[in-house]
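Read the structure below first, then the notes.
There are 4 protein chains.
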Amino acid sequence: MRDELMSGLGEECGVFGAFDFDGEDVSSYIYYGLFALQHRGQESCGISVTRTFEKGKNVQFHKDLGLVNEVFDKKTLNSLEGNLGVGHVRYSTAGGWGRENSQPFVIHYIKGILSMAHNGNLTNASVLKEELATTGAIFQTNTDSEVIAYLIARERLHTLSIEDAVRSASEKLEGAFSLVVSSPSKLIGARDPFGFRPLCIGRKDNIFFLSSESAAFDTIGAEFIRDVEPGEIVTIMNGEIISNKMRTTKKQASCIFEYIYFARTDSFIDGHSVYKSRITAGGILAKKYPVEADLVVGVPESGLAAAVGYSQESGIPYGMAFYKNSYVGRTFIKPKQNERTSGVQVKLNVIRDVVKGKRIVMVDDSIVRGTTIRNIVKMLKEAGALEVHVRVSSPPFKFPCYYGTDVPSKENLVAVNNTLEEIRESIDAESLGYLEIDDLKDLCPGLSYCDACFSGNYKGGEPIKEEDIGCC
Amino acid sequence: MRDELMSGLGEECGVFGAFDFDGEDVSSYIYYGLFALQHRGQESCGISVTRTFEKGKNVQFHKDLGLVNEVFDKKTLNSLEGNLGVGHVRYSTAGGWGRENSQPFVIHYIKGILSMAHNGNLTNASVLKEELATTGAIFQTNTDSEVIAYLIARERLHTLSIEDAVRSASEKLEGAFSLVVSSPSKLIGARDPFGFRPLCIGRKDNIFFLSSESAAFDTIGAEFIRDVEPGEIVTIMNGEIISNKMRTTKKQASCIFEYIYFARTDSFIDGHSVYKSRITAGGILAKKYPVEADLVVGVPESGLAAAVGYSQESGIPYGMAFYKNSYVGRTFIKPKQNERTSGVQVKLNVIRDVVKGKRIVMVDDSIVRGTTIRNIVKMLKEAGALEVHVRVSSPPFKFPCYYGTDVPSKENLVAVNNTLEEIRESIDAESLGYLEIDDLKDLCPGLSYCDACFSGNYKGGEPIKEEDIGCC
Amino acid sequence: MRDELMSGLGEECGVFGAFDFDGEDVSSYIYYGLFALQHRGQESCGISVTRTFEKGKNVQFHKDLGLVNEVFDKKTLNSLEGNLGVGHVRYSTAGGWGRENSQPFVIHYIKGILSMAHNGNLTNASVLKEELATTGAIFQTNTDSEVIAYLIARERLHTLSIEDAVRSASEKLEGAFSLVVSSPSKLIGARDPFGFRPLCIGRKDNIFFLSSESAAFDTIGAEFIRDVEPGEIVTIMNGEIISNKMRTTKKQASCIFEYIYFARTDSFIDGHSVYKSRITAGGILAKKYPVEADLVVGVPESGLAAAVGYSQESGIPYGMAFYKNSYVGRTFIKPKQNERTSGVQVKLNVIRDVVKGKRIVMVDDSIVRGTTIRNIVKMLKEAGALEVHVRVSSPPFKFPCYYGTDVPSKENLVAVNNTLEEIRESIDAESLGYLEIDDLKDLCPGLSYCDACFSGNYKGGEPIKEEDIGCC
Amino acid sequence: MRDELMSGLGEECGVFGAFDFDGEDVSSYIYYGLFALQHRGQESCGISVTRTFEKGKNVQFHKDLGLVNEVFDKKTLNSLEGNLGVGHVRYSTAGGWGRENSQPFVIHYIKGILSMAHNGNLTNASVLKEELATTGAIFQTNTDSEVIAYLIARERLHTLSIEDAVRSASEKLEGAFSLVVSSPSKLIGARDPFGFRPLCIGRKDNIFFLSSESAAFDTIGAEFIRDVEPGEIVTIMNGEIISNKMRTTKKQASCIFEYIYFARTDSFIDGHSVYKSRITAGGILAKKYPVEADLVVGVPESGLAAAVGYSQESGIPYGMAFYKNSYVGRTFIKPKQNERTSGVQVKLNVIRDVVKGKRIVMVDDSIVRGTTIRNIVKMLKEAGALEVHVRVSSPPFKFPCYYGTDVPSKENLVAVNNTLEEIRESIDAESLGYLEIDDLKDLCPGLSYCDACFSGNYKGGEPIKEEDIGCC
């Protein structure tokens, strides 16, 4: 269940880029594009634009803490004039550096100005930072992105083009990164050799786009062209897409949790439909953990598709058990621990008539701490459900993610120190079934993916220092 | 489809009241209660509280334009100290009187201070206002509520109690009203003799509640006691609920559109489950307008339950065709007419894999102007749907509502000047089926209801002057 | 010393009106007019405008807590379209009714809409309120102004014109009131029979103005025409000023403290220059309390002119002893009691070179609690002043004002319970001289004035109930 | 005349530092310190603090656009916990980089974190920036300060201490700089070898301070210790002040315009009283340009002291001719060109009784474009002044300042292309007298100063590139 009110998974970041070769302003495209990616980050956002072909024209940008619809008003958006630009939404971070860490990152360097937006997490940022610091570098943020910008600026000193500099810099990075960079006349996208985080290309007439997810293209009426490949650098200039490859090649390792939870149901990543993968997950759960029941329900929003899959496979009717209140905003006053109502109750309510006297199969995408699901099972039973059989469309969460997901530390992961039976008991479910690690391969047939948070198999390596654990 | 971004139905208002006989503060209950009623009004909101048993202690209140989570922060909420209070959420109104019109209405009168929140629309407000003006009354808002407050104050001059004054005043009102009033030591609820708008009573330990909808009780962990009856005045004092009846009795006429669209799926109104009535509506549509199809989908949120009903009756599988972006806030920049993206696209996206190559039955709650549904059908077809059969879980909208719903004027209602076939063609659907007026009686078996917006049968009379058309 | 940071005198309110007979918008005139009157009230402000000759056009208004430059931005100001309007600045009030109490007061009544701004304090408001309440009136604010509006509305029922209604209503009021009222086609000014609070008429081409102080006319380039006379009602319509008189006539009693402290130095009230009256006060002090000294200094801003007067009379050179920091705004964090710096120090600093080794005569307008002046004397001495001789350009403050000034209660007035010598000692001055009550007659020769706060001689009567003590 | 509403001189920046060796929080000292320096910069401000002796404790900072009392509320100020910190107020800058350019500058570098605040303008920033860029540096602001931070970080690689790094870096800088730097355990102040911009040391018990002006010490009750000398680096650590000198020594060149206009009247800079220098300037004017007149008046605030000096020397009485409205805030709506009122009128009004029928000597600190003074002369004459003799307490402004003052470009300086007589005529004064360049030496006897803006004698060299012209 995706929910800022409850203990859960931190989401990541989203990046977006646009280049109109007819010279029209793109800020409004970026606004709606970021809005479509808002689920990937709610702490801060920003847009940076430039007018190509007008030498000396400065980059314009605006970024701040808040949701896309809070940070930008009409006046601000209209003041961002330029036909080339990048945008970013950022997941919540701790500490007072919030505003400083917001992106896009806009820098002056040897060749002028560039803007950059980054999604992912480097595992060697601290080492790179130290190397840079020993040559006198100064850092004004807490982000990996600043390290990347530095490397690009340094590489640009002895490369022929900005795309070459992005490539050379990329070859020094370890971990996860999907980058969108705008120079005075180019829009560049880059994806790490594993392709942990998604990045794709879209187009509408003479306007080219880069986006974390394809769903953003639908929102603005653009066409999906293709994914940026792992280890690829795409340079959009003169109305063309030019492709380059990093020398560091790796076996692709798309984040499987994008399919299970992060991405929008209506996105396609690396050739696979997010929706289909969730339907499949539900189907597998139905086959592995059949149960006699009257109704299959999903926990909104991320559990709904898997519930449909379970229903289709099992033949047990699908139902809507919950009303979800979507008016919760950033300034919502969360109920205190000992208060009369819990965060779950405020946001979700059981539709009594749906569940009363019924044996329920309830599908959710994952269990992190276990608190939320315990509350939901309780609500179902108080509303009259006779039995609640919990099915989870991912394997048990046991390991931290080093590639851009903010997972709580091990001691907070219920699956680390508890057996399946202990978890079942603690959430008061009649039965409990998780997907198994081996099942993941069927979600996106043929996809080469990363499942480190379930398996501990870190294909991209582990972080060099503790400071390298983070995201975006 | 409930949507502030698109042309559609204006929603109404929501009222809430709380009285803790143990003397604890109730502002936080009212906050979460209003939050649960937020779908009934997004323009403004307010809370007023008083401390009973402390003579001379002033009423504290706060109200402003904005959503519940915008208007109240922790500091403001904590400053509202009192064990008796009322709250209000208000639907958007035109003109510069926005802030003045926000409620609760707090007045000093002959007997001290009272606070009042009102949902509904009077049909004789202009006449009452004129009568009051001819005796020198002044009005500081544009609301019917101010008229009601005046009448209560005047009646109080020659009645023995505040509840008697509320009763006498109520007997002079025509049209729709559900009132929640707090005097220094009583919480009073009143509902017009037709019972157009809902109002119900809840309880948790020694705390009593009044609410527009029962779902608010779930949110705060309270128990639903019963509905306030049409023409009833309930006085909550000394830990008891005292019932009085207005002398004007009428045949009950609960608003049927509350069941179809307004109310939360998880609410119960006048003994009927909103959810069940929607399932039933879907079932009737399936029987009346069967079609060979591959999938039944609902337009979120209000069309989903009826879609489940259609699916259950027809045996055609239910599917989730849409991703809904819920980050749209009050300050969202709406796409311009000629812009690259429509309001519908920004908020809803089709999940391509669900609909591609499929024959779709699409269920929505109502068609107002026809613009929104045309856009959605278009999106489905662009995503590859072979056929789209539209089913509407209400009869065609042909008449304005005078009892608290903000329906566009007749010339904007597509069903007024177009035949069914013309509507079908204009929205490019393969087939189109509406519920018939006569079907409404099956939604809530035994309920005596108002269907004036479909039938033109105004049980509560028509407004005396044009100014009397409005709401809340 | 005028200072929000320190214990002192509450200021009052300011009113302004404008009517352009050429039909141009007046909101910008009212904005600059209110800005010029900002010293009269800093809590809230508002502007209400109407377009004459356009029947049915609604009144537009905007009011809120804050300074003129905070409450109005360009967009809001431009949205206030109309060639007739009134404005108000309001002094700080206690309690949560702040925003409700802000003015202008805009009401619908039997004859349409009228807007009203009021400066003063009624002494019979509670009685009038009770009378109104016993006929069913409701009150939505804590202000006297609402009572006045009610009376006007009631009188309008049996008078031929709005100006007649204002006159009849005025004849029922006791205490202080300067009113500015706009009806759909008239701008009306009224001043109580004593003329406690100022009100004057200005003109610029075809635009007529009403203002609390003449200085506002200078700001907008208008010409001062004349004062509204005590007990006069002026009606500005059809390009003319029509004068009417209330039947209740009284001996004029202009507030002498306007000259001493409240009004701007550059204003003229009832034919007398505020500046000159302060110069005169300083001169009297010099004659009555001569002292051998090196320098005369004034406490900014209100003590400066009297210091110049003292210097001119005594021949002792005038000097600037203080630097005043004028960046203190509403949100300034005041130093805590036990903190390292006092409110006075933050706002005022002594220019050491001016006072070091000097015997100083320091002139201030009044002493209320005595705390501020004690701090200032201390600062002077720490900066090296050898002697500090305090001269006060008003008599000792001993009585509350019932006519629109917010004076602390008696127990907080240092002059009530202390002898002159005790006060001198407590503020550590070498000598102390106040103006005597009898001297006041020389400040504005020939003026008939009220000096109740010094003499206790309440020409306008005392308030009937305790609730009648207040202002605006 | 100091005025944001009118064409005039840009002010500069202000810096402040505090170190409490008893370990108490210093943020509130810095708040009041910056408030006392607010006249030096109104665009943005910031505070950065650290807790010494607590290893690993992060720096806390907050900075934003706005005045000190707008940017900081109680909650934010209290959240800045630390006993060592620096603060900055910044003068308005063009472009969208406003917020990015706000200070203190907080950087992570090889040795941890340091915070820095800077007042001044480098003349070789572009060259240094280019040098840094060619080794891969990236810049995130438009400020010289970022260049200085880079240099310090680089020097720190091969110096033994942070103060050594500051010294080495300082030796590479050309132009004007007064720096306040905090490392994890030291507070460092540095002033360029010319000492263009002021910087001084204060103390209160065990708390040490650095400040642009001594007046800030009075505000917080601290004692002035001494000025930081030109070319000196002071390191405050372990309760001591350690002094080091840069190897680059120059002849001192204190900015003379600080005395004439920038600094507060109550400050002492480099051993000279600002007040006294202004009195002297007024005296010189009286001797050089005597005139038969009735009254000497000063233009508030910066012209007042010189007017007192003129009065004392000439024997012509001093008077207060103007009422100044100090409620003008950042959001004040400035009158449009063609509007009914000018910016000057809104802010200043002539006190008619003071000037009517009088021959006036009016003293102001400087004439930039001539527009403001023309308006003021006009206002005096409209108020009845018979003659207006303008005396300017500085020589004619003819050259840009490269050391931290924002002077308009040459074509906007009225003295560049007009003779004295032409200026006199254009401002409609009966006579006009400027201080002569040679007179400046008498303002602060013995002081070695810079008068480049009057003489064109750039002791610190001219900027290498156009980009080097700027401030702070």
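Those protein sequences? They're chains A, B, C and D, same order as listed.
Residues 1 to 472 (UniProt numbering) make up the first sequence, in order.
Residues 1 to 472 (UniProt numbering) make up the second sequence, in order.
Residues 1 to 472 (UniProt numbering) make up the third sequence, in order.
Residues 1 to 472 (UniProt numbering) make up the fourth sequence, in order.
In this text, a Cβ means the ideal position worked out from N, Cα and C, and glycines have one as well.
Self-check item: Helix, strand or coil at C453/D according to DSSP, with G and I counted as helix
Solution: Within the fourth sequence, residue 453/D is the residue found at index 453, counting from 1. In this structure, DSSP gives C453/D a helical state, which the three-state scheme calls helix.
- prompt: Of all the alpha helix (DSSP H) runs that stay within the bounds of the segment 246–307 of chain D, which reach a length of 4 or more residues?
  reply: The segment 246–307 of chain D contains these whole alpha helix (DSSP H) runs: 274–288.
Fill in: Sequence ranges, beta strand (DSSP E) only - wholly within the segment 345–394 of chain B, length at least 3
Taken in chain order, the unbroken stretches of beta strand (DSSP E) that lie wholly in the segment 345–394 of chain B and span 3 residues or more are 348–350, 359–364, 387–392.
Give the residues of chain C in contact with M362/D, contact being defined as C-beta atoms less than 7 Å apart.
Numbered from its first residue, the fourth sequence carries residue 362/D at position 362. Below the 7 Å Cβ cutoff, chain C contributes no neighbours of M362/D, its closest Cβ being approximately 16 Å away.
Inset, instruction - Drop a sphere of 10 angstroms on the beta-carbon of D218/C, count the other beta-carbons inside from all chains shown, and report buried for 16 or more, exposed for fewer. - result: In the third sequence, residue 218/C corresponds to position 218, counting from 1. Buried: at least 16 other Cβ atoms inside 10 Å.
Hey, does S273/D have any beta-carbon neighbour from chain C nearer than 7 Å? Along the fourth sequence, read from residue 1 onward, the residue named residue 273/D stands at position 273. Interface residue (Cβ-Cβ distance to chain C less than 7 Å): S273/D is classified as such.
- Item | Paired residues, beta bridge with A190/D - DSSP | In the fourth sequence, counting from the first residue as 1, residue 190/D sits at position 190. For A190/D, the beta-bridge partners assigned by DSSP are L179/D, I233/D.
query = Assuming F208/A and T405/A make a contact with CB atoms under 8 Å, what is their CB distance in whole Å?
reply = The residue given as residue 208/A occupies position 208 in the first sequence. The residue given as residue 405/A occupies position 405 in the first sequence. Contact between F208/A and T405/A fails: their C-beta atoms lie close to 29 Å from each other, not under 8 Å.
| task | May I ask you to check if the CB of C450/C is nearer than 6 Å to at least one heavy atom of the ligand FMN? | result | By its list of ligands, the structure shown contains no ligand whatsoever, and the ligand FMN lies outside what it can speak to.
Inset, instruction - Output the distance between the C-alpha atoms of residue 478/C and G14/D, rounded to the nearest integer angstrom. - result: Missing from the structure shown is residue 478/C; chain C here goes from 1 to 472 and no further.
| request: May I ask you to report which of helix, strand or coil DSSP gives F53/D? | output: As a position in the fourth sequence, residue 53/D is number 53, starting the count at 1. F53/D falls in the coil class under three-state DSSP.
(Q) Please state whether the Cβ-Cβ distance between L435/B and P395/B is less than 7 Å. (A) On the second sequence, position 435 is the one that residue 435/B refers to. On the second sequence, position 395 is the one that residue 395/B refers to. Yes, the Cβ-Cβ distance between L435/B and P395/B is below 7 Å.
Which same chain residues end up closer than 6 Å to V296/A when comparing Cβ atoms and leaving out the 5 residues on each side of it in sequence? One-based indexing of the first sequence puts residue 296/A at position 296. A307, Y310, S311, I316, Y318, V361.
Going by DSSP, what residues sit across from Y109/D in a beta bridge? In the fourth sequence, the residue the question calls residue 109/D occupies position 109. Bridge partners of Y109/D according to DSSP: G112/D.
Item checked: Burial state of F196/D (16 or more Cβ within 10 Å) -> Along the fourth sequence, one-based indexing puts residue 196/D at 196. By the Cβ neighbour-count rule, F196/D is buried, with 16 or more other Cβ atoms within 10 Å of its own.
For this session: Pull up the distance between the alpha-carbon of I260/A and that of L447/A, whole angstroms please.
Result: The sequence position of residue 260/A within the first sequence is 260, counting from 1. The sequence position of residue 447/A within the first sequence is 447, counting from 1. Going from the Cα of I260/A to the Cα of L447/A covers about 14 Å.
Neighbour list for A153/B in chain C, Cβ cutoff strictly below 9 Å
By one-based count along the second sequence, residue 153/B stands at place 153. Within 9 Å Cβ-Cβ: A133, G136, A137, I138.
Q. Of all the residues that make up the segment 24–40 of chain C, which are near chain D by a beta-carbon distance shorter than 8 Å?
A. Taking 8 Å as the Cβ-Cβ cut-off against chain D, the residues of the segment 24–40 of chain C that qualify are S28, Y29, Y31, Y32, F35, A36, Q38, H39.
- [ ] Pull up the distance between the alpha-carbon of E130/A and that of M237/A, whole angstroms please.
- [x] Here residue 130/A is taken as the residue at index 130 of the first sequence, counted from 1. Here residue 237/A is taken as the residue at index 237 of the first sequence, counted from 1. Between E130/A and M237/A, the alpha-carbon positions lie close to 34 Å from each other.
Cross-strand partners of N244/C (DSSP beta bridge)
Taking the first residue of the third sequence as 1, we reach residue 244/C at position 244. DSSP lists I233/C as partners of N244/C.
- request: Please name the residue, chosen from K378/B, I220/B, G303/B, that lies closest to S428/B on a Cα-to-Cα basis.
  value: Within the second sequence, residue 428/B is the residue found at index 428, counting from 1. What sits at residue 428/B in the sequence shown is Asp, not Ser. It is K378/B.
TODO: Within 10 angstroms of the Cβ of V346/C, are there 16 or more other Cβ atoms? Answer buried if so, exposed if not.
DONE: Numbered from 1 along the third sequence, position 346 holds the residue referred to as residue 346/C. Burial call: buried.
Task: Where L157/A meets chain D, residues with beta-carbon distance less than 8 Å - done: Residue mapping note: residue 157/A aligns to position 157 of the first sequence, counting from 1. Around L157/A, the beta-carbon contacts reaching into chain D at under 8 Å are T134, T135, G136.
message = At the 7 Å Cβ level, is A452/A part of the contact set with chain D, yes or no?
response = Residue mapping note: residue 452/A aligns to position 452 of the first sequence, counting from 1. It does not; no Cβ of chain D falls within 7 Å.
Practice prompt. Give the DSSP-derived three-state secondary structure of D227/C in the structure shown.
Written response: Taking the third sequence and counting its residues from 1, the one referred to as residue 227/C is at position 227. In the three-state reduction of the DSSP assignment, D227/C falls in the strand class, which pools E and B.
Can we say the segment 132–142 of chain A touches the segment 111–121 of chain A, given the rule of at least three CB pairs closer than 8 Å? Judged by pairs of C-beta atoms under 8 Å, the segment 132–142 of chain A does not touch the segment 111–121 of chain A, as fewer than three such pairs exist.
- My guess is that N417/A and R369/A are in contact by the Cβ rule of under 8 Å, so how many angstroms apart are they, rounded? Stepping through the first sequence from its first residue, residue 417/A is reached at position 417. Stepping through the first sequence from its first residue, residue 369/A is reached at position 369. About 12 Å; that fails the 8 Å criterion.
What does a CB cutoff of less than 6 Å around T143/C pick up in its chain, not counting 5 residues either side in sequence? By one-based count along the third sequence, residue 143/C stands at place 143. Answer for T143/C: N101, listed in chain order.
Inset, instruction - Could you pull out every unbroken beta strand (DSSP E) segment of at least 3 residues lying fully inside the segment 26–78 of chain A, listed in chain order? - result: Listed in chain order, the beta strand (DSSP E) runs fully inside the segment 26–78 of chain A are 44–50, 60–65, counting runs of at least 3 residues.
Please classify E466/A as buried or exposed, where buried requires at least 16 other C-beta atoms within 10 Å of its C-beta.
On the first sequence, position 466 is the one that residue 466/A refers to. Looking at its Cβ environment, which holds fewer than 16 other Cβ atoms inside 10 Å, E466/A is exposed.
Can you list, in chain order, the residues of its chain whose CB lies under 8 Å from that of G96/B, leaving out five sequence neighbours each side? Walking along the second sequence from the start, residue 96/B turns up at place 96. Unreliable placement is indicated for G96/B, whose pLDDT of 49 sits below 50; the coordinate value is still reported in the next sentence. Here the set comprises nothing.
Could you tell me the boundaries of the beta strand (DSSP E) in which R203/B lies?
For the purposes of this step, residue 203/B is taken as the residue at position 203 of the second sequence. It spans 200–204 - the beta strand (DSSP E) in which R203/B sits, taken as one unbroken run.
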